[in-house]
Structure formats: structure tokens, C-alpha cells
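A.B. asks: Chains as they are written, first to last, in the numbering used here: chain A, 67 to 659; chain X, 13 to 359. Got a structure for you, written out below as C-alpha cells; questions coming shortly.
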Amino acid sequence: MTEKKVLLSPLDPVHDIGLKMIKNALEEAGHTTFLLPPDVSPGEIVQEALDQEAEVILLSRTLGYGVPELMGRFVDLVEGAGIRHRVRLGIGGMAIKPELAAELGFDQGFGPKTPIEEAVAFVEGRDYVPTREESGKEKGDLVGERTYRYHHQEIEGLLDQIVEKTLQWYRRVQTPGIKRALLREQGQAGQASYLELSGESIKEFFASKVLPSGLRLIEGEEQQALEKMIAGGRVEHPRILQRQPHQPLVFIQYGTGCPFMDIAHIKGTEAWGADGVVHFDPSWGAKTEGLLAGLLSHEENGSVLTAENLALIKEAVEPSTLWQVRAHRGLNTPETVFLAGEAGADLTKINPVYGSLSGGTDPERLLADSLKAMEYAAHYGLPFDMPTNEELSGVPAFRAFAGMLIVTHLGLALGAQPVLQPLFCYSPEMMLGGQMEDNYLDYNAAKVQALRGIIDAPIWAGAPIGFLTHTEERVQSAVSTSFHAAMAASLDIEGISIASADEAYSGGPISLPARIDTLQGVGEAFRFLGSARMEPTSRAREWGEELTENILQVLREVARGDSLLDGIYGGLLGTKKEGAHPGRNGRGTVSPG
Amino acid sequence: MKILGVAGTAKNTGKTTTTMALIDRAVEENSPPAITSIGLDGEELDQVTLLPKPRLALPRDSFLITAEQCLEGGTARLEVLQTLQGKTPLGRLLLTRVKEEGRVLMAGPGNGRDLKEGARALEQYGVPLLLVDGALNRMAPLAGADLFVLATGAARQSHLPTLRRETEIMVKALQLPRLQPRGKTLSSYELLSGGSERGLEMDSLLSPAAVHRVFKNGSARRNELYIRGVLTGEAFLELAGAISPGGCRLIVKSPIHLLLGESLPTLARALDLWRDRGGEIGVESGLDLRAITVNPFFPDYQERGRYYHPRYVDAHQLQSALQSLGVPVVDVVREGGHQLWAQLFSG
Chain A
67 MTEKKVLLSP LDPVHDIGLK MIKNALEEAG HTTFLLPPDV SPGEIVQEAL
117 DQEAEVILLS RTLGYGVPEL MGRFVDLVEG AGIRHRVRLG IGGMAIKPEL
167 AAELGFDQGF GPKTPIEEAV AFVEGRDYVP TREESGKEKG DLVGERTYRY
217 HHQEIEGLLD QIVEKTLQWY RRVQTPGIKR ALLREQGQAG QASYLELSGE
267 SIKEFFASKV LPSGLRLIEG EEQQALEKMI AGGRVEHPRI LQRQPHQPLV
317 FIQYGTGCPF MDIAHIKGTE AWGADGVVHF DPSWGAKTEG LLAGLLSHEE
367 NGSVLTAENL ALIKEAVEPS TLWQVRAHRG LNTPETVFLA GEAGADLTKI
417 NPVYGSLSGG TDPERLLADS LKAMEYAAHY GLPFDMPTNE ELSGVPAFRA
467 FAGMLIVTHL GLALGAQPVL QPLFCYSPEM MLGGQMEDNY LDYNAAKVQA
517 LRGIIDAPIW AGAPIGFLTH TEERVQSAVS TSFHAAMAAS LDIEGISIAS
567 ADEAYSGGPI SLPARIDTLQ GVGEAFRFLG SARMEPTSRA REWGEELTEN
617 ILQVLREVAR GDSLLDGIYG GLLGTKKEGA HPGRNGRGTV SPG
Chain X
13 MKILGVAGTA KNTGKTTTTM ALIDRAVEEN SPPAITSIGL DGEELDQVTL
63 LPKPRLALPR DSFLITAEQC LEGGTARLEV LQTLQGKTPL GRLLLTRVKE
113 EGRVLMAGPG NGRDLKEGAR ALEQYGVPLL LVDGALNRMA PLAGADLFVL
163 ATGAARQSHL PTLRRETEIM VKALQLPRLQ PRGKTLSSYE LLSGGSERGL
213 EMDSLLSPAA VHRVFKNGSA RRNELYIRGV LTGEAFLELA GAISPGGCRL
263 IVKSPIHLLL GESLPTLARA LDLWRDRGGE IGVESGLDLR AITVNPFFPD
313 YQERGRYYHP RYVDAHQLQS ALQSLGVPVV DVVREGGHQL WAQLFSG
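Okay, structure coming up:
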């Protein structure tokens with residue numbers, strides 16, 4: 067490396083610090099630097115460059131009215147003075163992008179958060195190779211070193227009893243959903259035997275190619291445009307939000323119905339640091355027996371589950387992104403996990419308790435289907451999370467957690483890797499009980515402490531964190547999300563799902579800039595905390611112990627009953643009064659197997 | 013091949029609109045031109061004001077010099093003919109040919125040397141004309157252009173009498189006579205009345221302080237003074253007072269080398285003082301200023317909201333204000349490109 071003479075000029079004082087850091091790095095690398103005071107004129111800078119025989123000039127300047135012309139005159143002066151061929155020009159500042167640097171006539175532009183090393187590489191005339199930390203984003207691992215060992219022996223014993231009875235029941239039953247999944251495994255999706263087990267709209271589609279209302283097939287030029295969009299939309303250096311290994315992976319949800327929009331949201335959020343994306347399907351899909359086929363666009367919320375749609379998304383997501391396909395609440399649960407596994411998804415979502423108490427599907431049907439889905443999840447190595455969104459209906463956390471722990475134990479018994487998903491939310495239980503009157507931290511910490519005290523399992527808070535704390539005001543929503551993310555980092559949990567800043571009150575499609583708001587907010591929260599922690603008050607421990615005791619009581623009651631289904635129908639995991647209503651979709655479709 | 017430079021006096025003075033009018037005219041002449049920019053053109057929104065910019069469309073068989081990362085930025089299908097040596101923040105410069113017409117994004121050579129390399133590369137394809145769209149108020153890369161159009165307007169100065177005064181000074185500088193340096197050295201020098209040639213300490217005189225650094229003996233008689241680099245108006249005014257201009261030919265490399273100072277009125281005062289004190293001034297390489305184009309648009313900066321609002325001065329008044337400077341004044345939006353084309357290529 068040849069030593070260079072570098073002139074650095076902060077054209078406004080606020081950018082002094084960036085240049086000073088670069089100056090230090092350049093001197094450490096053996097270069098000679100000349101740092102000018104702020105507010106010198108272009109002519110003075112060029113004069114200094116001539117006097118010092120500078121080989122590189124680095125300027126920093128905030129853009130403002132008349133500044134581009136000032137910069138243009140500076141570059142012209144360098145050329146007019148006859149030294150442009152031997153002096154390389156770089157400009158940095160808040161609004162600087164490569165396009166603007168080209169417009170101004172500089173050789174390179176350095177935007178905010180440019181690594182110092184990039185400026186050094188520019189001075190030395192070599193290509194900048196981002197360090198592994200800057201570019202080498204690797205796919206996250208939600209399960210990690212979690213052992214699934216129980217710390218609470220009585221709860222483990224109760225769960226053993228419940229699971230044993232449930233699996234015995236499962237071995238004796240069949241459902242249309244399970245049968246369709248098996249047919250799909252054999253390559254018979256869409257064929258007569260499959261259609262016999264499917265709803266009318268599915269039959270009609272395969273018979274006459276008439277799509278249900280609101281759906282449209284993407285083909286020809288439109289499909290080519292999608293493929294072009296994917297090919298041209300790679301995210302080369304996705305941002306890494308986490309500053310410390312213990313900080314959680316960050317998930318966003320997509321499901322606009324439109325593949326173009328979905329891909330735009332996925333690529334945009336990947337670039338801004340999302341570690342994982344969750345596929346949201348339409349709510350009608352959960353109520354329909356059977357799945358459609360083809361590359362489909364849906365004009366309403368929810369992206370349709372077909373092998374082709376999933377293959378497209380798989381093509382679009384970066385290798386470093388975790389991709390989850392939900393299967394937790396409908397009549398196509400086993401098929402969905404099979405499709406997800408075949409498509410190369412990383413995660414799925416299964417919770418027959420929540421799906422049947424707040425998702426509209428009959429408990430008996432969804433339980434049988436979910437167990438088959440867990441077998442697929444185990445086969446394809448897809449960890450599955452269990453949302454406890456019944457809390458939003460008013461079910462107390464301890465009941466929702468009891469259900470989640472039963473599902474966890476079922477999953478473990480079938481060889482899968484369950485991921486606990488408590489809600490970080492301002493739930494109706496909290497509103498009525500006042501546990502969040504003082505702060506949002508204590509009760510959420512109590513939830514995590516309770517779960518951690520029972521089992522060493524991964525935790526992914528959701529979904530999204532801060533549910534019911536968001537308002538129509540975007541800054542407030544992003545800030546609330548980032549505080550909840552800071553709390554998640556403090557509690558050493560593995561993952562969080564975040565909303566966009568306009569999700570709760572968008573009044574329409576959520577926007578990518580609002581997604582970036584929250585990703586930025588979460589990144590700032592992680593940056594702010596580093597290895598420090600938020601500290602809950604002593605009430606968190608008290609409430610955690612209370613939660614554990616209540617979970618234990620529920621599990622004792624469920625274990626005492628004849629079956630898990632009796633417990634669900636009977637309200638042990640959520641009563642009608644609390645807002646848990648056993649669903650009706652698929653009722654009466656479970657038959658002896 | 014002729015190089016036609018469209019230089020602006022500021023952002024948003026209509027350089028790209030002028031360039032587009034000339035492209036249209038060239039197509040009518042069945043002579044698809046080659047195009048490039050010394051900045052960035054063809055993007056949807058201005059990089060600074062975020063106001064919409066004129067898009068740039070190129071016909072089939074025209075040539076384009078642009079940076080690697082701009083290839084996918086438009087709708088035109090481009091064939092890469094050659095990778096050039098020059099680099100920009102958007103990648104290496106490429107010489108391309110338009111295979112299917114459409115919009116293009118153009119980030120061309122940011123300096124005169126890379127522009128010349130691009131022009132040389134084009135010659136093998138028999139292209140008769142290279143149109144160079146300027147950037148901001150930048151002119152230096154266009155010093156070697158064969159034909160020169162100055163784009164100005166309300167974005168430079170919305171007070172029309174001031175705009176006229178500034179333009180008049182620029183035109184005077186751009187039309188300075190050509191003088192052949194007599195000296196033997198390539199650097200800046202002075203020929204003393206005794207016949208001796210002495211190199212100057214600096215090629216450029218950027219400030220009054222530089223004048224005093226270089227010319228310690230103000231009373232010496234000089235026959236010729238050659239400034240190879242920049243002579244700013246501020247340094248020139250100091251020079252005109254500090255030394256004896258009487259009988260001295262002051263030769264500056266090009267008019268552009270005189271126009272890079274902070275203040276045009278200072279340059280005007282310096283020119284007057286130099287001549288009043290008996291000096292002669294000229295340029296080694298002239299620019300063939302063929303026309304001035306005008307744009308009534310200006311981005312009005314709203315300090316409170318920190319955004320730009322599009323505004324306009326009266327187009328007729330603008331054009332009238334700049335008449336009688338001895339250079340044709342054209343509003344290509346109202347008049348089209350025919351008149352401008354005629355001014356450029358008649359005779």
C-alpha cells in the first residue's frame with residue numbers, strides 16, 4: 067500500500083466528527099492527513115490541496131439550499147486547477163448517495179453509517195470488501211441450544227398424562243385434512259380422490275378452472291415480470307439489527323395477497339434487517355377444505371397457499387432469511403405443513419388450542435390435523451411456534467399458556483421442535499386486572515419467567531409485540547414496538563414478531579416505510595441496550611409465580627379429565643365468558659381411522 | 013465528430029430539456045446522436061429537491077455513455093459496446109448503443125479527461141455528434157466542447173435584472189478573444205519586458221493571497237502573463253490592482269477557467285479594471301457559445317418545511333431580459349428545438 071496525502075474538509079461543523087474518525091483511521095493506516103477547520107471556501111480547499119500536493123480530498127457537508135452548486139464549483143475548481151486526474155474526490159454526509167455523488171462529480175459518496183474502513187479503502191484505491199459482520203448475515207436459529215428439559219417436574223408429569231391419552235386418541239382417528247395431505251404426498255392433489263375430500267370452490271376450480279371471487283391467475287408477461295423482480299431484487303448486504311448474540315431474531319409478517327407487493331415487502335424488510343418473514347394466508351382459506359393450485363393473486367388481505375405461490379416466495383427470500391408458513395388454525399393444517407416442508411420453509415406455526423378457541427376450527431378436527439402437521443414438521447425439521455393470541459379475546463395468560471405447554475409436549479412427543487409464543491400485549495386481562503397500570507414490563511417479564519421456570523424451550527414473543535399498545539400515530543407505534551423489543555432482548559428470548567408502525571390503524575394496506583420505521587426503532591433499541599438489561603420490579607417475580615401456580619392448576623384439571631378435548635370443549639383452556647368459543651368449521655368430520 | 017456541451021448556470025436551468033430537444037431534432041435529421049452527461053440524468057426525481065425531473069428517452073441506434081449501475085435504470089434496451097477506463101460512483105463507464113428505444117438513466121464522465129476518452133471511443137462508430145448534458149453549474153469538463161450552449165433561467169436567479177447582469181458577464185467571459193501564448197513552458201509563466209520568461213510559483217490563482225504570494229514585485233513590466241489553471245474573479249481583481257497591466261497580454265487557458273470564482277460582479281470589475289489600466293485579455297482555447305436557453309422554472313425553497321416548491325417566472329419576460337446580449341436566446345419548451353438546431357449548425 068502506498069502512503070497517500072489526504073485532505074479532509076468539514077464544510078459544516080456538524081460533520082466534523084465523521085471526518086475526525088476517518089482521519090484517525092487513515093493515520094493508523096500510515097497515511098498523511100490534513101484536516102481543515104470548518105467553513106472554508108472551495109477555493110481555499112483547492113489551494114490547500116495544491117500546497118500539500120494532496121492525492122485525495124474528502125469533504126463532508128449537509129445538503130441544503132445552494133449546496134449542490136457549491137459542490138459543483140468545488141469539483142470544477144479541482145479540474146480547472148489541473149489536478150483532477152491525480153486527486154480523487156469523496157463526499158460524505160447525511161443525504162449522500164452514489165447517485166448524488168455522481169451528479170456532483172465526485173468519485174465516491176459516503177452516506178450515513180458508512181464504515182470507516184470503506185473510506186480508507188477509497189483512499190487506498192481498492193475495492194471495499196465488507197467485513198463478515200457487515201455483510202455475512204447468516205440464517206438465525208430459533209431453537210439454538212435449548213434442551214427442552216423441564217424444570218417443573220409436576221407439570222412435566224401432568225403433561226405426560228395428557229399427551230399419552232391424546233396420542234392414543236390420535237392413532238385411532240382420521241380427518242379429510244389428514245387424508246388430503248397423504249394424497250398430496252402421493253402426488254394426487256387436485257385429482258378425483260382429493261376433490262372428494264375438498265370443498266365446493268376447490269372442486270369447481272379443478273373442474274372448470276373458475277377461480278373463487280377475488281383471485282386471479284398470474285401468467286405470461288406478468289409472471290416474467292415477477293421473476294425479473296426477484297432476480298433484480300437481491301439484498302446484497304442486509305442490515306443486522308442485533309448488537310449482541312442474546313438479542314432476539316426479528317420477524318415481520320407479509321400477506322398482501324399480491325405476489326409483487328409481498329416480494330417488495332420481503333425485500334424491503336430484509337434490507338432493513340428483518341431476520342424472518344411470516345406468510346399470512348387469507349382467513350377464508352382456513353375455512354375451506356382443500357387448496358387451490360397455480361400462481362395466484364388475491365385482491366384482499368392474505369396470500370393464497372399454493373405450491374406455486376410458496377415456490378415463488380422461496381425464490382425471493384434471501385438465504386439468510388427465516389421463512390415461516392403458518393398452519394395453525396384451519397382445515398388444511400397438515401397439507402400446509404407438508405407444502406411448507408416441500409417448499410423449503412424454515413418454520414411453521416401450529417396451535418390447535420388457539421386455532422380452535424379463537425380461530426374458528428372445531429377443536430377435535432384441529433387437534434387431529436395439528437398432530438399430523440407436527441409429524442410433518444418433525445419430518446421436515448421445521449420448528450413450529452404456538453401463538454397464544456386467545457389472550458386477545460380475553461383468555462387469561464395462564465390458561466393460554468397451559469394450552470401452549472400441552473401443545474409443546476405433544477410436539478416433543480412427535481419429534482418436533484416447538485417454540486413458545488407468549489404475547490407481549492396489553493391484553494383485556496391486563497386492562498381489567500390493572501397489572502399494566504404502572505408499566506408494560508413487569509407482567510410480560512412474569513410471563514417469560516414463568517415459562518422459563520417450567521421448561522428450557524425457545525421463546526418467540528408475538529405476535530406482534532406491543533399488541534394493543536399501538537395507536538394511529540406512527541412514531542408512537544414504532545417507539546412502543548422498540549421498547550417491547552428492548553424488553554425482549556432483556557429477557558433473553560429468541561425471537562420477536564413486530565408490526566409495522568401503521569399496522570394497527572392503517573385503514574388500508576400497510577406500507578413499507580412504516581415497516582422500516584419499526585425495524586429502525588428495533589435496531590436503535592438493540593443498539594441502545596447492547597448487553598445492558600431492562601430491569602422489572604419485584605412484582606414480575608410474584609406474578610410469574612402466580613402464573614406458574616395457575617398453569618399448574620389448569621393442567622391438573624385437564625389431566626383429571628377423560629381427554630384433552632374434553633378440557634378444550636369444557637373451557638379449561640379458555641371459557642366462553644373469557645371469549646374462547648370452540649370453533650365449528652370442520653365439526654363432525656373426524657372419523658375412526 | 014463534434015462535441016456539443018449543454019452547460020447550466022445552476023440546477024434546474026433546463027439542461028436536460030435542451031438536450032432532449034436536440035435529440036429530437038437529430039432524429040428528424042436521421043442522425044441519431046451519442047449522448048452522455050457529466051452528472052446524473054434521467055432519474056424520476058431530483059436528487060436534491062425531490063421534485064420531478066424530465067425523463068430522458070433515446071431512440072434506437074443512438075449511442076449512450078453511462079455507468080454500469082444505470083443499465084437497468086431505464087426501459088431502453090442497451091447493447092454494451094465497450095467498457096471505458098473512467099469510473100463513477102455508479103460504476104465503470106460503458107459505451108452502449110440503444111437497441112430498443114426507451115427511457116435511460118445516464119451517469120456519464122464526471123471530468124474532462126473521461127469525457128475525451130468517451131468521445132475518442134465513439135469516433136470509430138462514425139457518430140457525427142456527441143451531446144453532453146451538463147450537471148448543476150458545472151462547466152469544467154465541457155472546456156473541450158466544440159459547440160457550447162448555456163442553459164440558464166430562474167433557478168439561477170429569479171430576479172430578472174440580476175440574471176441579465178450575471179449572464180452578460182458570463183457571455184463576455186465566454187466570448188473573450190483567443191490569444192496564442194508566446195511562452196515556451198507549459199506551466200503558468202510571465203514574460204517580462206526584457207524578454208525573459210519566468211515560471212510562476214502556482215498554476216492557479218485562486219485568491220487575492222495567492223496573487224501576493226506569486227507577484228512579489230508589482231511594478232515589474234510584463235509583456236505577457238499566462239495562467240494555465242484557474243484565475244478566479246477575486247484573484248483577478250487583486251492582480252489588476254497589484255501589478256501593472258499596461259501593455260500586458262493576460263492569457264487564461266479557457267473562459268471556464270475565469271468563471272470559477274465566487275462572484276461574477278467581481279470578475280466583471282476585474283475585467284474592466286484590467287482593460288482600463290491598459291491590459292489586454294484573451295483565452296488560449298475559446299468556447300463557441302452558440303445559444304442561451306432559458307427555463308422559467310425554479311424550485312422555491314421553503315425554509316419552514318424544508319422542502320422545495322415548484323415556481324415559475326414569466327417565460328416571455330425571462331427571454332426578453334436576456335435578449336441583446338449578442339447571443340440567440342431560445343426557450344425550447346415554447347419554441348421547440350428547430351431554432352436552436354439552426355443556431356448550432358448553420359455555418
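All C-beta atoms, glycine included, are put in the ideal place defined by N, C-alpha and C.
(1) Between the alpha carbons of X/A5 and A/R150, how many angstroms are there, rounded?
(2) Strictly under 8 Å for the Cβ-Cβ distance: is X/A185 near chain A by that measure?
(3) Using a Cβ cut-off of 8 Å, pull out every chain A residue sitting near X/A222, in sequence order please.
(4) Quick one: any contact between the region 167 to 179 of chain A and the region 268 to 279 of chain A, if contact means 3 or more CB pairs under 8 Å?
(5) So what's A/A393 in DSSP terms, helix, strand or just coil?
(6) I'd like the list of long-range same chain contacts for X/E202, defined as Cβ closer than 6 Å, with 5 residues on each side in sequence excluded.
(7) Run through DSSP, which three-state label would A/S75 get?
(8) Which of helix, strand or coil does DSSP assign to A/S126?
(9) Answer yes if the region 447 to 465 of chain A comes into contact with the region 413 to 420 of chain A, meaning at least three C-beta pairs across the two stretches below 8 Å, and no otherwise.
(10) Is the beta carbon of A/D347 sitting closer than 8 Å to the one on A/P400?
(11) Determine whether the beta carbon atoms of X/L272 and X/V226 lie at a separation below 8 Å.
(12) CB-CB under 8 Å to A/A120, same chain, minus the five flanking residues each way: which ones, in chain order?
(13) Is the beta carbon of X/I77 sitting closer than 8 Å to the one on X/L117?
(14) Where DSSP assigns a beta bridge to X/N307, which residues make up the other side?
(15) Whole-angstrom Cβ separation of A/R540 and A/D568, contact assumed at under 8 Å?
(16) Report the partner residues of A/C491 according to the DSSP bridge assignment.
(17) Nearest CA to the CA of X/G348: which residue from X/A38, X/I15 and X/M13?
(18) Which residue wins for smallest C-alpha separation from A/S369, given the options A/I332, A/Q313 and A/E384?
(19) Could you list the residues in the region 159 to 176 of chain A with a C-beta less than 9 Å from some C-beta on chain X, going in chain order?
(20) Among A/E230, A/R593, A/T372 and A/K415, which residue has its Cα nearest to the Cα of A/W389?
(21) My assumption, with CB atoms under 8 Å, is that X/R109 sits in contact with X/D73. Please give the rounded CB distance.
(22) Apart from the five residues just before and just after A/I520, which ones in its own chain have a Cβ nearer than 8 Å to its Cβ?
(23) Measuring CA to CA, which of A/E538, A/Y509 and A/A580 is closest to A/A554?
(24) Below 9 Å on C-beta distance, what does A/D522 contact in chain X?
(25) Using 8 Å as the limit for Cβ to Cβ distance, is X/S43 near chain A?
(26) Any beta carbon of chain A sitting closer than 8 Å to that of X/I50?
(27) Given this structure, state the Cα-to-Cα distance separating A/V485 from A/L448, to the nearest angstrom.
(28) Below 6 Å CB to CB, which residues in the same chain sit around X/Q335 once its five sequence neighbours on both sides are set aside?
(29) Rounded to whole angstroms, how far is the Cβ of A/P76 from the Cβ of X/L148, which I believe are closer than 8 Å?
(30) From which residue to which residue does the alpha helix (DSSP H) around A/L517 run?
(31) Just to confirm the assignment, what range does the alpha helix (DSSP H) spanning X/A133 have?
(32) Hey, how far is the Cα of X/S256 from the Cα of A/G148?
(33) Could you give the residue range of the beta strand (DSSP E) that holds X/K99?
(34) When the Cα atoms are used, what is the spatial distance from X/R67 to X/V144?
(35) Going by DSSP, which residues form a beta bridge with A/G175?
(36) When the distance is taken between beta carbons, is A/L621 closer than 8 Å to A/L479?
C.D. replies: The structure says:
(1) No information on residue 5 of chain X is available, as it lies outside the stretch 13 to 359 that chain X covers here.
(2) Translated into the one-based positions of the second sequence, residue 185 of chain X becomes position 173. By this cut-off, X/A185 is not an interface position.
(3) As a first step, residue 222 of chain X is located in the second sequence; it is residue number 210 there, counting from the start. Those are Q113, listed as they occur along chain A.
(4) no
(5) Counting from 1 along the first sequence, the entry for residue 393 of chain A is found at position 327. In the structure shown, A/A393 sits in coil (DSSP, three-state: anything other than H, G, I, E or B).
(6) To locate residue 202 of chain X, count along the second sequence from 1; it is residue 190. For X/E202, where only same-chain residues beyond five positions count, the Cβ hits under 6 Å are R210, R234 and L237.
(7) Position 9 of the first sequence holds residue 75 of chain A. Of the three classes helix, strand and coil, the one that applies to A/S75 here is strand, per DSSP.
(8) The count along the first sequence starts at 1 and reaches residue 126 of chain A at position 60. DSSP places A/S126 in the strand class (E or B) of the three-state scheme.
(9) Yes: the two stretches touch, three or more of their Cβ pairs being nearer than 8 Å.
(10) Sequence index remark: in the first sequence, residue 347 of chain A carries index 281 (1-based). Sequence index remark: in the first sequence, residue 400 of chain A carries index 334 (1-based). No, the pair does not count as a contact, with Cβ atoms beyond the cut-off.
(11) Counted from its first residue, the second sequence places residue 272 of chain X at position 260. Counted from its first residue, the second sequence places residue 226 of chain X at position 214. Taking a C-beta distance under 8 Å as the contact criterion, X/L272 and X/V226 do not qualify as a contact pair.
(12) Looking up residue 120 of chain A in the first sequence gives position 54. K71, V72, L73, F100, E114 and V153, listed in sequence order.
(13) Here residue 77 of chain X refers to the residue found at position 65 when the second sequence is read from its first residue. Here residue 117 of chain X refers to the residue found at position 105 when the second sequence is read from its first residue. In this structure, X/L117 does not lie closer than 8 Å to X/I77 by Cβ.
(14) Position 295 of the second sequence, counted from the first residue, corresponds to residue 307 of chain X. DSSP lists X/G165 as partners of X/N307.
(15) Within the first sequence, numbered from 1, the residue matching residue 540 of chain A stands at position 474. Within the first sequence, numbered from 1, the residue matching residue 568 of chain A stands at position 502. With 8 Å as the limit, A/R540 and A/D568 qualify as a contact, their Cβ atoms being about 6 Å apart.
(16) The residue you call residue 491 of chain A lines up with position 425 of the first sequence. A/F533, per the DSSP bridge assignment.
(17) For the purposes of this step, residue 348 of chain X is taken as residue 336 along the second sequence, with counting starting at 1. Out of X/A38, X/I15 and X/M13, X/A38 has the C-alpha closest to the C-alpha of X/G348.
(18) Along the first sequence, read from residue 1 onward, the residue named residue 369 of chain A stands at position 303. The shortest Cα separation from A/S369 among A/I332, A/Q313 and A/E384 belongs to A/I332.
(19) A161, K163, P164, E165, L166, A167, A168, E169, L170, G171, F172, D173, Q174 and G175
(20) Stepping through the first sequence from its first residue, residue 389 of chain A is reached at position 323. Ranking the options by Cα distance to A/W389, first place goes to A/K415.
(21) Within the second sequence, residue 109 of chain X is the residue found at index 97, counting from 1. Within the second sequence, residue 73 of chain X is the residue found at index 61, counting from 1. At roughly 7 Å, the Cβ-Cβ gap stays under 8 Å, so X/R109 and X/D73 are in contact.
(22) Here the question's residue 520 of chain A lines up with position 454 in the first sequence. Y216, H217, H218, I221, L471, T614 and I617, listed in sequence order.
(23) Walking along the first sequence from the start, residue 554 of chain A turns up at place 488. Ranking A/E538, A/Y509 and A/A580 by Cα distance to A/A554 puts A/Y509 first.
(24) The residue given as residue 522 of chain A occupies position 456 in the first sequence. Against chain X, the beta carbon of A/D522 has no neighbour under 9 Å; the closest one sits roughly 49 Å away.
(25) Against the second sequence, residue 43 of chain X aligns to sequence position 31. Not closer than 8 Å to any Cβ of chain A, the Cβ of X/S43 fails to qualify, so no.
(26) Numbered from its first residue, the second sequence carries residue 50 of chain X at position 38. Closer than 8 Å: yes.
(27) As a working mapping, residue 485 of chain A is identified with position 419 in the first sequence. As a working mapping, residue 448 of chain A is identified with position 382 in the first sequence. Going from the Cα of A/V485 to the Cα of A/L448 covers about 10 Å.
(28) Within the second sequence, residue 335 of chain X is the residue found at index 323, counting from 1. If we look at X/Q335 and ignore the five residues flanking it on each side, its Cβ neighbours are V341.
(29) By 1-based counting over the first sequence, the position of residue 76 of chain A is 10. By 1-based counting over the second sequence, the position of residue 148 of chain X is 136. In fact, because the Cβ distance is near 21 Å, the residues do not count as touching under 8 Å.
(30) Residue numbering aside, residue 517 of chain A sits at position 451 when the first sequence is read from its first letter. Counting along the chain, the alpha helix (DSSP H) containing A/L517 begins and ends at L507 to I520.
(31) On the second sequence, position 121 is the one that residue 133 of chain X refers to. Run containing X/A133: G124 to E135, per the alpha helix (DSSP H) assignment.
(32) The residue labelled residue 256 of chain X in the question sits at position 244 within the second sequence. The residue labelled residue 148 of chain A in the question sits at position 82 within the first sequence. Cα-Cα distance, rounded: 27 Å.
(33) Sequence index remark: in the second sequence, residue 99 of chain X carries index 87 (1-based). Element bounds for X/K99: R89 to T100.
(34) For this step, residue 67 of chain X is matched to residue 55 along the second sequence. For this step, residue 144 of chain X is matched to residue 132 along the second sequence. Distance between the alpha carbons of X/R67 and X/V144 is about 16 Å.
(35) Against the first sequence, residue 175 of chain A aligns to sequence position 109. Beta-bridge pairing links A/G175 to A/I157.
(36) Taking the first sequence and counting its residues from 1, the one referred to as residue 479 of chain A is at position 413. Taking the first sequence and counting its residues from 1, the one referred to as residue 621 of chain A is at position 555. The sequence shown places Ala at residue 479 of chain A, rather than the Leu named in the question. Taking 8 Å as the Cβ cut-off, A/A479 and A/L621 do not qualify as a contacting pair.
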